[in-house]
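See structure below.
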Amino acid sequence: MPGPLSTFDIAGRAMAAQLVRLNTTASNLANAGAVSGTEAGAYRALKPVFATRYAGATATVDVADVTRTGTPEKRNEPGHPLADPEGNIWVAAVDPNQELVEMVETARQYANNVEVLTTAKALALDTLRMGR
């Protein structure tokens, strides 16, 4: 059985999870408005699935999976170069406003974990100085 996680382990894992979240959000924003000639080929938003990881009495987070969500919007645009024989195209299932909110929230949570690490480091150094 692994030992308890340190503050550095917990914050580091949380930062890694937030980095996955930020990368999926960036991918979603990059593909917002993307068009496909088939429903199967249309971009669907990526969303990380988080899982609690326990180590003794402490817990942190891991990314269990990254899933695709949403249903692409079907539009009839017969003049579009990617239109199928019926004149339909499919637009990516991404809401740019929602993704921007997600990005801001993720950046704040990442910054909070950086602050936790900074504080833990300062406390550890102060503790070592007391021993001199």
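FYI, the numbering for the sequence shown is 3 to 134, going by this note's numbering. We treat Cβ as the ideally placed atom computed from N, Cα and C, and that holds for glycine.
Among the options, the one whose alpha carbon lies nearest that of residue i
i	options	result
asparagine 78	Trp92, Thr69 and Thr62	Trp92
alanine 32	Val116, Thr121 and Val96	Val96
valine 37	Pro83, Thr26, Val65 and Thr9	Pro83
alanine 44	Val51, Ala85 and Phe52	Ala85
leucine 75	Ala59, Arg46 and Gly81	Residue identity differs from the one stated: residue 75 is glutamate in this sequence, not leucine. Comparing Cα-Cα distances from glutamate 75 to each of Ala59, Arg46 and Gly81, the minimum goes to Arg46.
isoleucine 12	Val68, Gly58 and Arg110	Gly58
Within 7 Å, strictly: CB atoms of residue i and residue j
i	j	result
valine 63	alanine 126	no
leucine 24	threonine 108	yes
threonine 9	alanine 122	yes
alanine 66	valine 51	yes
Straight-line gap, residue i to residue j (C-alpha atoms, nearest Å)
i	j	result
alanine 42	glycine 14	37 Å
alanine 124	threonine 73	48 Å
arginine 55	threonine 71	24 Å
leucine 2	asparagine 99	The first residue shown for the chain is 3 and the last is 134, placing residue 2 beyond what the model contains.
glycine 35	methionine 105	18 Å
Three-state secondary structure assigned by DSSP to residue i
i	result
aspartate 11	helix
glutamate 88	coil
proline 74	coil
tyrosine 56	strand
arginine 46	strand
aspartate 97	coil
Where residue i falls, given that 16 or more other Cβ within 10 Å makes a residue buried
i	result
asparagine 115	buried
leucine 102	exposed
alanine 113	exposed
alanine 19	buried
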